[in-house]
Every structure is written in C-alpha cells, then in structure tokens.
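Each residue of the sequence shown is one higher than the one before, counting from 311 in this note's numbering. Yeah, the Cβ is synthetic: ideal placement off N, Cα and C, and Gly gets one too.
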Amino acid sequence: MDFSQFDNWRKIRDYEHEKSPDDTIDMVFPIYRHNYDASGFNYEGYYTNYLFPIINVDNGTRRITRWAFCAPTRINERVHFEIAAHEFGHAWGLPHNNAGGLWTLMGHRYPNVSPFMNSFERERLGWMLFTDVTENNTNVTISDFGTNAVAYRVRIDGDEVYLLENHQCGSPYDEVNKYAPDLTQGYCGEGLYILYLSEFTNRLKVQAADGKWNWSNPYWRFNDWGSSPTDSVPVYKRGLPNRSSGLFDKEKIPHTKGGSDFIYAWLDEETRGEKGLAERHKGIGNSFWSYDGYNVFYHWSNPPAKSTIGVYVTGEDFNGNIIATIYTSTPEDAPPARPYLVKLENYSEGTNQGIKLTWSANQEPDTAGYEVFRQTNGGTINKISGSSLVTDTTWVDWGEVMTDSSLTNYTYYVKAVDNTNQRSNLSNGRSTDVEHVRQMADKLAASQPETPIS
Ligand SMILES: [Zn+2]
C-alpha cells in the first residue's frame, strides 16, 4: 500500500495547517472485518499522541505517529461515524466538552445530548465566523444554525461569552433536544439556544431556558440498568425556582448519599407520579427561548444572565428565523420575564371559598404588578383579575373550588407587567384537575411514608 496519498498537510499549530507533505500521514481510517472478539473488551476508538510507537511505512520514507482503533460493532452502531469524527476533532486540537445536555463533537455521548458540532467547535476549525454583538441590536434575524452555520457571540466580560444558536432542526443530525417528549410528533424543541463559554477553560455550558431550581432526593429506586439487585438510583424532585444557587436539570444534582448524579428518575412536579429511568439531562423539550415561551434572558430572569447582557425574542418568521433584540446594556428595556405559577390550593375565609394562586415574585426592579388569566376546559384564555394590577404574589378566584367530581377544569396563568406597561408572556399553566390529584397524592404519601432503598 502506498501511503503517500495520505500525506498532504503539514501541521503548524492547532487549527493551522498548510498544504504540503511532511512525511507524516495526515489521517487514515482503515476499516476491516474480522471475527469480533467477544472478550467484553469493547474498544470505542480513541486517539493518542503518545503511548504507542511510531509505525514506519513506505519503506521508511513516511510514518504514522498516532493511531487509534474502534470495535467494528461500534462503527455499525454509530451511523454518523461520530467516533471517527471525534478523533478527527482531537487531531485538529479541539478540547473535550462533557457538560450535561450539550451538543458537541467532543463529548462522550453521555452526558451530552448528541455529537452535533456546536458553534464553538465549528468556529475553532475555521468553518464559520461568529457574528459579534458589541452594542444593543434590535431586529436581529438569526437563521437556523444547523443549515446555515450562523451563530451570534456576545461578550460578557474578559474571556466569558454567550453563544446564540437557533436550532430549527433543519439538519437531520441536529438532535439538540433529542429526548423532547413530543419527538414522535416531529418536534425537536425548535428555538434559540444559549451557550455559556469560558474562553479561558474552553468549557461550554447550556443555559437552559427553563431555569435553575432547588432539588431534593426524597427516596431511591431500583436501577433498571443496574448489574446487581441492590443497585439503586436517586429519585429527584424539583422544588422552587432558585436563580442564584439552583441547578439546571442538565446538571449533576446532589443526593442523600453524599455524591451527585445526573437525573434519571424524578417525581413529576404536576402529578407527583414517578417518571422512570429517562435521561432528563438530555433535555425535556423546553430548554430554548422562543417568541411565545421563555422569551427573555437577562439579569432578572431564571436563569439569570451575567452582566448587562440581554436577549429578547420578539418574533419568528415562516422560514424558522428567530427575530431578537440583543442587549449589551439596558436590558431592562425588555418586557418582564414570564412568572412561575407555584401552586393552586383551595382557600376559604369565613363562608367564602375560592382557589388561591401563588406565584414567584418577578425580580425586575420596574415590576408594576401582575394579571391573572383563566382557561376553561381548554378554551380561550381570559383575564380575570380586573382592570387594576395585582400587586401581591397571590390571588383568589372566589366562588371556585377544586374537587374530585368537578366537571370544569380550569387552567390558570399569570403575566407580569412593568411600569411602562410592557407585559410578559404567560406563565406556566396550572390546571385544577391535575393540582387536585397532586394534592391528594401528597396527603397519601404523608400518611404512608415511602421506604427508601439503601
Ligand atoms: Zn476524545
């Protein structure tokens, strides 16, 4: 075999090569078939620039200085050749990035969401340029990252930046929200994704739009993937939003045995039903910003942006372009972040009964108040709090009560309003039938404490 055909490039430094032979093979991926060694020693393919001796080829005129291998069964499993591509990434100088829920060539699938290359990796290889935002910029049209390789970069301070990628899943390889619950309907979580990058460590982290939360670990359950009957995994439960010290659902969460782990099992916040083993750190479908969902990212939102950076999604066109205002200063000009409706509960004062709503207070210093909305049996959503703003974070819908037998299902929402009359998007909804079931389940759980698996 003549290896000269694989010697075309000379490496100057990481990310920089010139087209001329240097008697060192650039890269070859030989693929061969043999009887698979069933010893249980499954090579996944790796890259090394030490450990192994130089192999001389072409009668000693050329050499192979680094080599790696990959079990043939794995090549068949990974139809995107992601392992081969990953090893290329090493040869080109890209660093590993193993943040939960991150799409990256340079992860290890676990805990990353997919091997789809992110904007940091593409830019490092010279395959795209960032569009830098250095001053407030209105009506920015951000097209699909997967098909157009367009991403915006906003500098926070020093060596910290936010990277903005619009994922409309135009590329079949774009599995940014691979485990979104509605994937069967062709929905992959289309919207604006924000990555935090430290240029000092080259570490990326997904800033999930659904925010940071308090988590607890009320009990443990059997691990369906475990190798012994005593294997167990922590069941996590989401508490209240916590902008300052909470954790994303894509992060490792501390558990009661002193360590921490990614979320495989959790108690559903709505029904208190246990969700079995599923890789929630890969995203549950609402990690993105969009026109009608989470539309504001700034210092007062959950998650909070650093410094005076702000992003406000103002629209989306029929081609899947996201229209946004990007702030480098004065992000308070954007409307309020959507509030979080914490709970509904039956409430009475004397003989008056009602359903009491409680929500988390908005953090914007220019918050003027709130409006309450109600939807009946999935119909239109109507404002029910009257013409003046609610200035508290609770409100009672008098004359209504949650019962087992009610034929009417109300879903409640809240909006925040600022002192220039700008309104937030609707909060999360809470429905009376689900809330009632949840509260009954809580009462049952309190009377029959669950036995933890040790
Ligand atoms: Zn690697």
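| Check | Outcome |
| --- | --- |
| By how many angstroms is the C-alpha of Asp627 removed from the C-alpha of Tyr357? | For Tyr357, the pLDDT reaches just 48, beneath the cut-off of 50, and the residue's location in the model is therefore unreliable, although a value from the coordinates is still provided. Taking the straight line from one Cα to the other gives about 43 Å. |
| Going by CA-CA distance only, name the one from Ile322, Leu473, Asp467 and Thr441 that's closest to Lys616. | Asp467 |
| Return the chain-ordered list of same chain residues with a C-beta closer than 6 Å to the C-beta of Ile694, the five sequence neighbours on each side being excluded. | Val682 and Arg684 |
| With a 10 Å radius around its C-beta and 16 neighbouring C-beta atoms as the bar for buried, classify Asp702 as buried or exposed. | exposed |
| Excluding five sequence neighbours on each side, which residues of the same chain lie with their C-beta closer than 7 Å to the C-beta of Gly689? | none |
| Just to confirm the assignment, what range does the alpha helix (DSSP H) spanning Val747 have? | Thr742 to Ser757 |
| Since Ser542 is in the beta strand (DSSP E), which residue starts that stretch and which ends it? | Ser542 to Pro551 |
| Between Val706 and Gly664, which are expected to be in contact by the criterion C-beta below 8 Å, what is the C-beta distance as a whole number of angstroms? | 4 Å |
| If you follow the alpha helix (DSSP H) that Ala394 is part of, which residue opens it and which one closes it? | Glu392 to Trp402 |
| I need the straight-line Cα distance from Tyr720 to Tyr546, nearest angstrom please. | 28 Å |
| Would you say Thr677 and Pro646 are within 8 Å of each other, going by their C-beta atoms? | yes |
| Cβ-heavy atom distance between His609 and ligand 1 below 7 Å? | no |
| Just checking His477 against ligand 1 - is the residue's beta carbon closer than 7 Å to any of the ligand's heavy atoms? | no |
| Could you give the DSSP three-state label for Gln315: helix, strand or coil? | helix |
| Check the C-beta distance from Ile619 over to Tyr472 and give it rounded, since I have them as a contact under 8 Å. | 6 Å |
| Tell me the rounded alpha-carbon separation between Gly355 and Leu474. | Only weak support exists for where Gly355 lies, its pLDDT of 47 falling under 50; the coordinates are left without a value. |
| Tell me, to the nearest whole angstrom, how far the beta carbon of Gly501 is from that of Ser481; I am working on the premise that it is less than 8 Å. | At roughly 15 Å, the Cβ-Cβ gap does not stay under 8 Å, so Gly501 and Ser481 are not in contact. |
| Taking C-beta to C-beta, are Trp535 and Leu587 nearer than 8 Å? | yes |
| Using a Cβ-Cβ cut-off of 7 Å (strictly less than) and excluding sequence neighbours within five positions of His344, which residues of its own chain qualify? | Note that His344 has pLDDT 48, beneath the 50 cutoff, so the model's placement of it is unreliable and the number below is only indicative. Same-chain partners within the cutoff: there are none. |
| Just the Cα atoms here: how many angstroms apart are Glu445 and Trp610? | 20 Å |
| Please name the residue, chosen from Asp728, Tyr680 and Glu745, that lies closest to Ser737 on a Cα-to-Cα basis. | Tyr680 |
| Mind reading off the beta-carbon distance from Phe558 to Ala518? Whole number of angstroms is fine, and I expect it under 8 Å. | 5 Å |
| Is His769 a contact residue of ligand 1, with contact defined as CB to any heavy atom under 7 Å? | The displayed coordinates of the chain run from 311 to 764. Any statement about residue 769 would go beyond what the structure contains. |
| Would Thr638 and Val450 be called neighbours here (beta carbons separated by less than 8 Å)? | no |
| I'd like the ranges of any beta strand (DSSP E) spanning at least 3 consecutive residues and lying wholly in the stretch 618-669. | 620-626, 632-637, 651-659 and 662-669 |
| Is His396 near ligand 1, in the sense that its beta carbon is under 7 Å from a heavy atom of that ligand? | yes |
| Considering Glu328, what are the terminal residues of the beta strand (DSSP E) in which it resides? | Glu326 to Glu328 |
| Any idea which residues DSSP pairs Pro768 with across the strands? | For residue 768 there is no data in the structure shown, the boundaries of the chain being 311 and 764. |
| Residues in its own chain within less than 6 Å of Met416 by CB, not counting five upstream and five downstream? | Gly399, Leu404, His406 and Asn407 |
| Could you tell me the alpha carbon to alpha carbon distance between Trp402 and Glu326, rounded to whole angstroms? | 8 Å |
| If Arg273 and Ile322 are in contact, beta carbons under 8 Å, what's the gap, nearest whole angstrom? | Since the first residue of the chain shown is 311 and the last is 764, residue 273 is not available in this structure. |
| Which residue marks the beginning of the beta strand (DSSP E) containing Gly679, and which one marks its end? | Thr677 to Thr686 |
| Whole angstroms are fine: how far does the CA of Pro551 sit from the CA of Glu674? | 15 Å |
| Cα separation between Lys522 and Ile452? | 26 Å |
| On a CA-only basis, which of Ser715, Ile691, Val711 and Val727 is nearest Ser698? Give me that one, please. | Val727 |
| On a Cα-Cα basis, can you pick out the residue from Met337, Met438 and Met750 that is closest to His396? | Met337 |
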